[in-house]
Amino acid sequence: MSTALEMITAKAGESGWKCRAVPWARMEDLRAAIEGRFEAGLLDGKALRDYLSFIYEPGCDFEPRSIIVLAMEALPGHVVFEWKRRPVPVVIPPTYTGFVRRILTAVETLGGWLAPEGFRAKRPRLPMKTLAVCSGLARYGRNNICYVEGIGSFVQLAAAVSDMPCDSDPWVEPKALELCSSCSICRRSCPTGAIPEDRFLLRAEKCLTLHNEDSADFPEWIDPAWHNALIGCMKCQDTCPGNAGVAGKYEDLGAFTEAETGLLLEGTPLEKLPAGTLEKVERIDFAGDNYGLLRRNLAVLLEASRSLPG
Ligand code: SF4
Ligand code: SF4
0 MSTALEMITA
10 KAGESGWKCR
20 AVPWARMEDL
30 RAAIEGRFEA
40 GLLDGKALRD
50 YLSFIYEPGC
60 DFEPRSIIVL
70 AMEALPGHVV
80 FEWKRRPVPV
90 VIPPTYTGFV
100 RRILTAVETL
110 GGWLAPEGFR
120 AKRPRLPMKT
130 LAVCSGLARY
140 GRNNICYVEG
150 IGSFVQLAAA
160 VSDMPCDSDP
170 WVEPKALELC
180 SSCSICRRSC
190 PTGAIPEDRF
200 LLRAEKCLTL
210 HNEDSADFPE
220 WIDPAWHNAL
230 IGCMKCQDTC
240 PGNAGVAGKY
250 EDLGAFTEAE
260 TGLLLEGTPL
270 EKLPAGTLEK
280 VERIDFAGDN
290 YGLLRRNLAV
300 LLEASRSLPG
């Protein structure tokens, strides 16, 4: 008779997902891994406090026995902005769109698989990258990005705490991609020098992602021509051999007309956008607190596109 873990692993495979589970007793090791990432500057203080408070007070209405980690494909998005009478294609890296929707769907689906066995699943506040790497499901690249076999870094991670028993324990110390031992492609493609030669630890403060996710003005040392995505950065993922099987795959996220692009660049408040334009902004997941970033990041990308051949 198969266990509940074997059943959900098989069901995940049928959906094209990957699945691992670790015993809840591993939360002490997760705490140490989280603190290590905080000390390395890869996690901010608020995230650290959130994760630790969940570990100590998970607030489940059942006894937690396992943490289940799921991985599924999440492609980069392509969106086109008409500007100065020509289409400017713009990339949105994986998981900036559909992040919460995919996680909720994954946890709900998992809950549906577990319910007939009498077990429950609850979405936790835990660092999914760290969990995925420590469960053996993923590995870190030299660029501090998570890679899952067969999916590469175009991946959405989801996790659930459950009362499903977990007799196996795949916990491992965080590991790097084997490819990284003889590769420096991402270091050479990184425009900012965020990937050092002498250590396997990103210079997080130099990564474009940190700066274009933040509403503060860009530091002067960032050359505007380095920007390559509406938010985040694709340079080290696009060139990584760990993405050989998925490179070139994109999700079409639609197009903004010249008039709509103008409205965005003028900083038109969300509530004053025509309904159709607002829908497009919602589709690319910029219709929240991050709306201001859309105008700032789009302006710099469109300006850089003027120097490209038409
Ligand atoms: S480009 Fe090379 S070194 Fe960088 S993450 Fe990919 S495999 Fe590792
Ligand atoms: S995301 Fe961009 S800036 Fe950050 S390490 Fe990768 S290439 Fe460099």
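The sequence shown: position 173 = 172 (numbering that gives the first Met the number 0), numbered continuously. For every residue, glycine included, the Cβ atom is placed at its ideal position computed from N, Cα and C.
Three-way DSSP call (helix, strand, coil) for residue i in this model
i	result
H77	strand
K121	strand
F255	strand
P223	helix
C185	helix
C18	strand
S180	helix
P240	helix
L109	helix
I283	coil
A137	strand
Y146	strand
A24	helix
M6	helix
E72	strand
CA-to-CA distance, residue j to residue i, given in whole angstroms
i	j	result
A243	I144	15 Å
F61	T129	24 Å
R198	D213	26 Å
K17	K271	43 Å
L47	I54	11 Å
T267	I230	19 Å
E302	F255	16 Å
V316	M71	Limits of the chain in this structure are 0 at one end and 309 at the other, which puts residue 316 out of reach.
P57	M163	15 Å
G151	T8	19 Å
G275	L29	44 Å
E81	C189	28 Å
L293	L269	11 Å
G40	P115	43 Å
L263	I91	17 Å
F37	D43	6 Å
E34	P126	11 Å
S134	K248	27 Å
R119	R138	28 Å
V78	R101	20 Å
A193	A73	24 Å
Closest residue to residue i among the options (Cα-Cα distance)
i	options	result
C182	L200, W170, R141 and T208	R141
T96	P88, P173, R294 and F285	F285
L200	H210, C185 and N211	C185
L300	L51, G35, E27 and P88	P88
G149	L262, F98 and G15	G15
F98	L136, R36, R282 and R305	R282
R146	K10, E250, T94 and A175	The residue you asked about is not Arg; residue 146 is Tyr in the sequence shown. It is A175.
E5	P223, L109 and T238	L109
S180	A258, G253 and C239	C239
E172	A3, A32, G12 and N227	A32
N227	E27, P75, C59 and T2	P75
Assigned exposure category for residue i - 16 Cβ within 10 Å defines buried
i	result
K234	buried
V132	buried
V154	buried
W112	buried
A84	Before going on, a small fix: residue 84 reads as Arg here, not Ala. Exposed, because fewer than 16 other Cβ atoms sit within 10 Å of the Cβ of R84.
G241	buried
Query raised in the report: Is the segment 101-110 touching the segment 143-160 in the sense that three or more CB pairs, one from each, lie closer than 8 Å?
Result: yes
Query raised in the report: Contact between the segment 65-74 and the segment 20-29: three or more CB pairs below 8 Å?
Result: yes
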